[in-house]
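Report on the following structure.
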Amino acid sequence: MEMLETLVSTWSGPDANMRAILEIARAEIAAIGLEPTLNEELMAVSARNGRGGVLFNGHLDTVPAGQGWTRKTGDLDGSVLYGRGTADMKAGCAAMLAAAKDLKSRDVPFALLFTTDEETTMRAAKKLEGSALVKKAAAVVVGEPTDLAIVGSEKGIVWFEVTTLGKSAHGSMPHLGENAILKMMKMLAAFEPYTRPRDFLNEVTVNIGAIDGGSKPNVVADLCAVDLDVRYPPHLSKEDAVRLVESTTRIIGAPDIQIKHEVPAVQVNENSDHIRRMKEIAGPAVRTVAYGTEMAFYAQSNPRCLVFGPGAPEQCHVPDEHVDLSHVDRAAEIYAKYAEALAPR
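To convert, take the position in the sequence shown, counting from 1, and add 96; that gives the working numbering.
So, in structure tokens, the structure goes:
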């Protein structure tokens with residue numbers, strides 16, 4: 097699919113000027129015959145055809161490329177396209193644009209919304225959750241990779257920064273100081289059981305993502321900070337995650353704990369009409385996932401949300417990320433059928 101290849105070849109990682117990829121999306125939306133609106137503040141683009149149709153949402157930004165790649169961006173092996181952002185989630189965006197072209201030709205109501213900060217702050221989704229574009233949509237479809245399965249529930253996310261303090265001393269006399277790194281090691285050991293869950297979708301998990309401490313080998317470290325990624329299932333709350341971190345860190349006293357980022361858990365009623373309609377088109381299975389998407393915010397004002405898209409979730413953020421183009425074509429067909437099924441009568 098030419099549009100997907102264009103999106104993938106346009107770099108949109110954290111250091112990119114997002115205007116470039118937004119302009120590609122804007123131009124394609126205009127070519128379909130819609131009037132795109134570029135939100136300069138949020139760096140997002142939207143458009144609609146008629147009123148009250150399905151809102152198709154995707155993000156155009158990606159994580160950094162990282163190391164370990166054996167394939168070049170744009171490599172095509174049969175029907176498999178390689179490159180950062182193929183699965184997560186430019187394939188979904190391309191499928192939505194293809195569906196939009198079909199729907200516009202038949203004058204079926206729908207709307208599009210593409211953001212560029214999902215991998216960082218999700219600020220656009222937070223700001224737009226109460227907008228008419230979201231609230232009045234017949235349903236909101238987020239096109240993240242789901243292997244063409246319906247996702248109705250997501251775990252919540254809280255990122256913590258935990259800091260331990262010590263007392264510096266000369267490295268030759270460590271007994272005269274208090275090592276903040278050693279305190280941190282003791283605390284992190286207490287989190288180990290949460291890194292090996294038996295049922296990761298229904299349990300709280302903790303990832304120790306980054307650590308920074310000390311200044312030089314010959315100085316006892318007086319400061320150490322760690323970043324924790326805590327995920328909690330929909331039947332729990334952010335407050336449960338906070339209590340877990342507070343109680344676990346108590347083993348070393350009272351370290352400084354700050355929340356750096358959060359995404360609420362979401363659980364959609366699987367018996368609701370918008371889920372039932374998608375089941376009829378795409379299949380009966382409805383899944384829960386451990387990752388968070390922009391649906392978590394849109395669902396605050398519009399419960400008629402779901403996640404559905406081409407590509408495998410396991411391809412997110414990994415070397416040699418890829419997507420099967422047949423998935424993209426199938427997703428476009430399903431998107432179009434879904435918009436038609438929920439179109440206002």
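Glycine residues also receive a C-beta, built at the ideal position from the N, C-alpha and C atoms.
**Request:** Tell me, please, whether the CB atom of Val338 is closer than 9 Å to any CB atom in chain D?
**Result:** Structure shown: chain D not included; a single protein chain is present.
**Assigned exposure category for Phe445 - 16 Cβ within 10 Å defines buried** = The shown model of the chain, from 97 to 441, leaves out residue 445, and the question about it has no answer.
**Request:** Using three-state DSSP, classify Glu358 as helix, strand or coil.
**Result:** The residue you call residue 358 lines up with position 262 of the sequence shown. DSSP places Glu358 in strand when its eight states are reduced to three.
**Message:** Classify Phe296: buried if its beta carbon has 16 or more other beta carbons within 10 angstroms, exposed otherwise.
**Reply:** As a first step, residue 296 is located in the sequence shown; it is residue number 200 there, counting from the start. With fewer than 16 Cβ atoms within 10 Å of its Cβ, Phe296 is classed as exposed.
**Prompt:** Taking Cβ positions, are Thr345 and Ala306 nearer each other than 9 Å?
**Reply:** Within the sequence shown, the letter at position 249 stands for residue 345. Within the sequence shown, the letter at position 210 stands for residue 306. For Thr345 and Ala306, no; Cβs fall outside 9 Å.
**Message:** By alpha-carbon positions, which one of Val316, Gly252, Arg294 ends up nearest to Leu272?
**Reply:** Here residue 272 refers to the residue found at position 176 when the sequence shown is read from its first residue. It is Val316.
**Asked** Can you tell me whether Ser108 is buried or exposed, with buried defined as 16 or more other CB within 10 angstroms of its CB?
**Response** The residue you call residue 108 lines up with position 12 of the sequence shown. Result: buried.
**Message:** So within the region 152–221, which uninterrupted beta strand (DSSP E) runs reach at least 3 residues, ignoring any that extend past its ends?
**Reply:** 176–178, 206–211
**Nearest-angstrom Cα separation, counted from Asn365 out to Ile371** = The residue labelled residue 371 in the question sits at position 275 within the sequence shown. The residue labelled residue 365 in the question sits at position 269 within the sequence shown. Cα to Cα, Ile371 sits roughly 8 Å from Asn365.
**Item:** Reduced DSSP secondary structure (H/G/I, E/B, other) of Ser397
**Value:** Numbered from its first residue, the sequence shown carries residue 397 at position 301. Three-state DSSP puts Ser397 in coil, outside helix and strand.
**Message:** Only counting the same chain, and skipping five residues up and downstream in sequence, which positions put a Cβ closer than 7 Å to that of Cys412?
**Reply:** Numbered from 1 along the sequence shown, position 316 holds the residue referred to as residue 412. Excluding sequence neighbours, Cys412 sits near Ala183, Asp184, Pro241.
**Message:** I believe Ala361 touches Lys251 by the beta-carbon criterion, under 8 Å. Please report the beta-carbon distance rounded to the nearest angstrom.
**Reply:** Your numbering for residue 361 matches position 265 in the sequence shown. Your numbering for residue 251 matches position 155 in the sequence shown. With a Cβ gap of about 6 Å, Ala361 and Lys251 count as contacting.
**Message:** In the DSSP assignment, the alpha helix (DSSP H) including His423 goes from what residue to what residue?
**Reply:** Residue mapping note: residue 423 aligns to position 327 of the sequence shown, counting from 1. Where His423 is concerned, the enclosing alpha helix (DSSP H) stretches over 421–437.
**Request:** With a threshold of 16 other CB atoms inside 10 Å of the CB of Lys279, please say whether the residue is buried or exposed.
**Result:** Residue mapping note: residue 279 aligns to position 183 of the sequence shown, counting from 1. Counting Cβ neighbours within 10 Å, Lys279 comes out buried, since at least 16 surround it.
**Message:** Classify Pro406: buried if its beta carbon has 16 or more other beta carbons within 10 angstroms, exposed otherwise.
**Reply:** In the sequence shown, the residue the question calls residue 406 occupies position 310. Buried is the call here.
**Message:** Tell me whether the region 418–426 and the region 170–177 touch, counting them as touching only if at least three CB pairs, one residue from each stretch, are closer than 8 Å.
**Reply:** yes
**Prompt:** Grouping DSSP H, G and I as helix and E and B as strand, with all else coil, what is Tyr290?
**Reply:** If you number the sequence shown from 1, residue 290 lands on position 194. Residue state, collapsed to three classes: helix.
**Message:** Measuring straight from C-alpha to C-alpha, what distance separates Pro132 and Ala408?
**Reply:** Position 36 of the sequence shown, counted from the first residue, corresponds to residue 132. Position 312 of the sequence shown, counted from the first residue, corresponds to residue 408. Distance between the alpha carbons of Pro132 and Ala408 is about 29 Å.
**Message:** Give the list of continuous beta strand (DSSP E) stretches no shorter than 3 residues that lie fully inside the region 365–416.
**Reply:** 382–385, 401–403
**Prompt:** For Glu250, which beta-bridge partners are listed by DSSP?
**Reply:** For the purposes of this step, residue 250 is taken as residue 154 along the sequence shown, with counting starting at 1. Note: Glu250 sits in a beta bridge opposite Val362, Val385.
**Request:** Determine the contact status of Ala233 and Gly149, defining contact as a CB-CB distance below 9 Å.
**Result:** Translated into the one-based positions of the sequence shown, residue 233 becomes position 137. Translated into the one-based positions of the sequence shown, residue 149 becomes position 53. In this structure, Gly149 lies closer than 9 Å to Ala233 by Cβ.
**Message:** Which of the three DSSP states is assigned to His331 in this structure?
**Reply:** In the sequence shown, the residue the question calls residue 331 occupies position 235. Coil.
**Item:** Local Cβ density within 10 Å of Asn314, reported as buried at 16 or more and exposed below that
**Value:** To locate residue 314, count along the sequence shown from 1; it is residue 218. It counts as exposed.
**Prompt:** Helix or strand or just coil, what does DSSP make of Ser268?
**Reply:** The sequence position of residue 268 within the sequence shown is 172, counting from 1. In this structure, Ser268 counts as coil in the three-state DSSP scheme.
**Prompt:** With respect to the alpha helix (DSSP H) encompassing Leu134, which residues constitute its N-terminal and C-terminal limits?
**Reply:** For the purposes of this step, residue 134 is taken as the residue at position 38 of the sequence shown. Looking at the DSSP string, Leu134 is not in any alpha helix (DSSP H); the run it does join, the beta strand (DSSP E), is 133–135.
**Request:** With DSSP as the reference, please indicate the residues paired to Phe256 in a beta bridge.
**Result:** Against the sequence shown, residue 256 aligns to sequence position 160. Answer by DSSP bridge pairing, in chain order: Leu324, Ile355.
**Asked** Exposed or buried, what is Asn398 when buried is set at 16 or more other beta-carbons lying within 10 Å of its beta-carbon?
**Response** What you label residue 398 is simply residue 302 of the sequence shown in a count that begins at 1. Buried, by the Cβ-count rule.
**Own chain partners of Asp325 with C-beta closer than 6 Å, once the 5 adjacent residues on each side are dropped** = Residue mapping note: residue 325 aligns to position 229 of the sequence shown, counting from 1. Once the five neighbours on either side are set aside, the close Cβ partners of Asp325 are Trp255, Asn303, Gly305.
**Asked** In chain order, what residues of the same chain lie with their CB nearer than 6 Å to the CB of Ala161, ignoring the 5 residues before and after it?
**Response** Position 65 of the sequence shown, counted from the start, is the residue given in the question as residue 161. The answer, listed in chain order, is Arg180.
**Prompt:** Can you name the residues that DSSP bridges to Glu274?
**Reply:** As a working mapping, residue 274 is identified with position 178 in the sequence shown. Glu274 is bridged to Lys263.
**Item:** Cα-Cα separation, Val424 to Asp416
**Value:** Counting from 1 along the sequence shown, the entry for residue 424 is found at position 328. Counting from 1 along the sequence shown, the entry for residue 416 is found at position 320. Spanning the two alpha carbons is a distance of roughly 18 Å.
**Request:** Note down the Cα distance separating Arg219 from Arg122, rounded to an integer number of angstroms.
**Result:** As a first step, residue 219 is located in the sequence shown; it is residue number 123 there, counting from the start. As a first step, residue 122 is located in the sequence shown; it is residue number 26 there, counting from the start. Each residue's alpha carbon lies about 20 Å from the other.
**Asked** Between which two residues does the beta strand (DSSP E) harbouring Ser105 extend?
**Response** Sequence index remark: in the sequence shown, residue 105 carries index 9 (1-based). No beta strand (DSSP E) holds Ser105; the alpha helix (DSSP H) holding it covers 98–105.
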